[in-house]
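According to our numbering, the stretch in the sequence shown is residues 466 to 860, in order. Structure, as structure tokens:
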Amino acid sequence: MPNQDFKNAKKLPPYIFGQINSLKNEARSRGEDIIDFGMGNPDQPTPNIVVEKLVETVKNPVTHRYSQSAGLPKLRLAIKDWYLRKYNIQLDQDSEIVTCMGSKEGIAHLSLATLSQDDTVIVQSPTYPIHSYGVVIAGANLHSVSLKDDTDEFLKDVEEAINTSKTKPKMIIINFPSNPTTQSVSVNFFEKIINIGKKYDIWIIHDLAYADIVFDEYKAPSILEVDGAKDIAVEFFTLSKSYNMPGWRVGFCCGNKNLVQALTKIKSYMDYGTFTPIQVAAIKAINECDSEVSAIRDMYESRRNELCDGLNRIGWDVAKPLATMFVWAKIPEKYIKLGSLEFSKMLIKYAQVAVSPGAGFGEDGDEYVRFSLIENEQRIKQAVRGIKNFFSMEI
Ligand SMILES: Cc1ncc(COP(=O)(O)O)c(C=O)c1O
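Here you go:
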């Protein structure tokens with residue numbers, strides 16, 4: 466038998482969400498109607514003009530050749546215009562922008578391009594798994610810092626982590642509005658973390674996946690709005706959420722030239738870029754779909770209201786998030802000792818509702834479950850009834 470000591474694969478724990486998925490699938494195969502709030506996988510179609518552009522472009526055989534790993538120049542130009550229009554930020558499309566095959570791929574490869582086993586990286590916790598596991602896969606040391614409601618407290622903890630770390634951290638990875646906690650910040654928070662990065666010479670990586678999924682007049686800032694942020698920071702964005710394009714795999718990374726070029730270089734060895742017709746259609750989305758983005762945001766807002774109002778009505782206190790496609794709900798006192806995995810299993814069994822256990826995003830998440838707003842209002846009402854029924858059971 467060949468050696469099965471697959472070190473990198475072994476570093477990754479079994480995906481906790483896999484257990485919930487199996488239970489969900491088993492229940493569905495028994496004919497149960499499971500309402501699925503599990504994955505952050507948008508359920509609505511991509512805007513029609515984007516699909517049409519793809520269909521038109523794919524008919525041209527020239528587009529069937531290898532594409533460009535760093536992204537078509539016109540796509541990078543569209544991204545440059547997006548930052549200018551949305552945040553009044555100037556970027557150079559040749560040196561400060563690289564596209565990736567979804568931001569998950571980009572984040573993982575940026576870690577691989579820049580980190581080695583002597584490096585330490587500070588990552589907020591709980592968080593979207595690739596923020597931490599990109600670091601683990603790259604063989605670097607992960608130093609998780611718990612998120613706090615008070616962001617100044619969080620920053621204090623980040624500084625403490627820097628000062629007490631055996632080796633000085635090389636990088637800090639953050640994500641606001643945050644998946645899974647939905648925590649949202651003002652530009653003032655970014656100013657403070659950029660100051661910390663500059664004080665200690667540490668790179669800052671920011672994931673802005675939920676830039677457009679914002680409610681109640683909240684506007685999610687870009688870290689690049691901070692003067693001089695480009696000296697030490699990059700930001701990732703994805704078309705997956707804003708444009709209902711999760712399967713298309715288009716994201717980008719912008720900001721500091723050294724980081725962007727490191728990612729560009731490693732990607733040039735690893736891929737030939739997203740299929741050209743997809744990149745061309747992505748240009749259409751970025752340039753011409755602002756009104757579709759507003760409609761997508763409104764849809765999540767109304768689902769958020771339906772779910773939060775419904776849960777609050779049946780005695781499960783949850784706060785309405787200012788952003789993201791999630792509701793991060795503290796497990797009710799009666800069940801909190803079970804932990805998030807067991808509680809999630811009970812929700813499937815007794816309420817026919819699937820959620821993501823908070824522990825899947827880091828130990829700090831174990832008192833929570835995450836609802837993704839990927840079911841419509843009718844189904845949300847049905848889920849709330851199922852949960853109410855479960856809460857009334859003597860188990
Ligand atoms: C915070 C965050 N970053 C990145 C991603 C991945 O997005 P993409 O589809 O661009 O890989 C997600 C997906 O859920 C996310 O929540």
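Yeah, the Cβ is synthetic: ideal placement off N, Cα and C, and Gly gets one too. Note that the structure is predicted; figures quoted are calculated from it, not measured.
Taking only the alpha-carbon atoms, compute the straight-line gap between residue i and residue j and give it to the nearest angstrom.
i: Phe791; j: Val600; result: 25 Å
i: Gly851; j: Asp498; result: 11 Å
i: Asp672; j: Gly496; result: 39 Å
i: Ser630; j: Ile839; result: 40 Å
i: Ala578; j: Thr729; result: 9 Å
i: Ala877; j: Glu798; result: The question about residue 877 has no answer, for the chain in this structure spans 466 to 860.
i: Val520; j: Ala747; result: 12 Å
i: Tyr552; j: Thr522; result: 30 Å
i: Tyr443; j: Phe855; result: Nothing about residue 443 can be reported from this structure: the residues present for the chain run from 466 to 860 only.
i: Arg768; j: Ile845; result: 8 Å
i: Ile761; j: Thr632; result: 44 Å
i: Ile514; j: Thr739; result: 19 Å
i: Pro479; j: Ser705; result: 25 Å
i: Leu580; j: Met636; result: 9 Å
i: Tyr737; j: Cys773; result: 43 Å
i: Ser643; j: Thr592; result: 7 Å
i: Trp668; j: Val758; result: 31 Å
i: Asp501; j: Cys565; result: 29 Å
i: Gly830; j: Arg541; result: 36 Å
i: Ile554; j: Gly693; result: 11 Å
i: Lys810; j: Lys695; result: 44 Å
i: Ile639; j: Trp793; result: 18 Å
Just curious, the beta strand (DSSP E) that residue i is in, first and last residue?
i: Gln589; result: 585-590
i: Ile562; result: 562-565
i: Ala698; result: 698-703
i: Gly720; result: 716-720
i: Ile669; result: 668-672
i: Ile554; result: Careful: Ile554 lies outside any beta strand (DSSP E) and carries neither H nor E.
i: Arg850; result: No beta strand (DSSP E) contains Arg850, which is instead part of the alpha helix (DSSP H) from 842-856.
i: Val834; result: 833-837
i: Phe791; result: 791-795
i: Ser756; result: Where Ser756 is concerned, there is no enclosing beta strand (DSSP E), although the alpha helix (DSSP H) it sits in stretches over 755-778.
Is it buried or exposed for residue i, if we count other Cβ within 10 angstroms and need 16 for buried?
i: Val818; result: buried
i: Leu477; result: exposed
i: Met871; result: Because the chain spans 466 through 860 in this model, residue 871 falls outside it and cannot be assessed.
i: Thr647; result: buried
i: Gly712; result: exposed
i: Asp614; result: exposed
i: Gly503; result: buried
i: Met858; result: exposed
i: Gln589; result: buried
i: Glu861; result: Residue 861 lies beyond the residue range present for the chain, which begins at 466 and ends at 860; the question has no answer from this structure.
i: Asn468; result: exposed
i: Asp531; result: Reading off the sequence shown, one finds Tyr at residue 531, where the question assumed Asp. Classification for Tyr531: exposed.
i: Arg494; result: Correcting the residue type first, residue 494 is Ser in the shown sequence and not Arg. Classification of Ser494: exposed, given that the 10 Å Cβ count is below 16.
i: Glu682; result: exposed
i: Glu517; result: exposed
i: Lys664; result: exposed
i: Glu625; result: exposed
Using only the heavy atoms of ligand 1, determine whether one of them is closer than 7 Å to the beta carbon of residue i.
i: Ala674; result: yes
i: Asn723; result: no
i: Gly505; result: yes
i: Gly662; result: no
i: Lys732; result: no
i: Ser576; result: no
i: Tyr593; result: yes
i: Lys569; result: yes
i: Thr729; result: no
i: Pro711; result: yes
i: Ser597; result: no
i: Ser705; result: yes
i: Val830; result: According to the sequence provided, residue 830 is Gly. The question's Val does not apply to it. Not under cutoff, so the answer is no.
i: Gly716; result: yes
i: Asn640; result: yes
i: Asn770; result: no
i: Asn644; result: yes
Kindly indicate the opening and closing residues of the alpha helix (DSSP H) around residue i.
i: Glu807; result: 804-811
i: Phe619; result: 616-629
i: Val820; result: Per DSSP, Val820 belongs to no alpha helix (DSSP H) and is neither H nor E.
Is residue i near ligand 3, going by C-beta to nearest heavy atom under 7 Å?
i: Glu561; result: Ligand 3 is not part of the structure shown, which contains ligand 1 as its ligands.
The region 589-606 / the region 554-565 touching (three or more Cβ pairs under 8 Å): no
Three CB pairs or more closer than 8 Å across the region 576-593 and the region 779-790: no
Segment contact, 8 Å Cβ cut-off, at least three pairs: the region 729-741 with the region 750-767: no
Inter-stretch contact (C-beta, 8 Å, three-pair minimum) for the region 799-814 and the region 769-787: no
The region 614-622 touching the region 823-842, judged by at least three CB pairs closer than 8 Å: no
Any 3 or more C-beta pairs closer than 8 Å across the region 541-550 and the region 568-575: no
At least 3 beta-carbon pairs within less than 8 Å: the region 681-695 vs the region 637-651: yes
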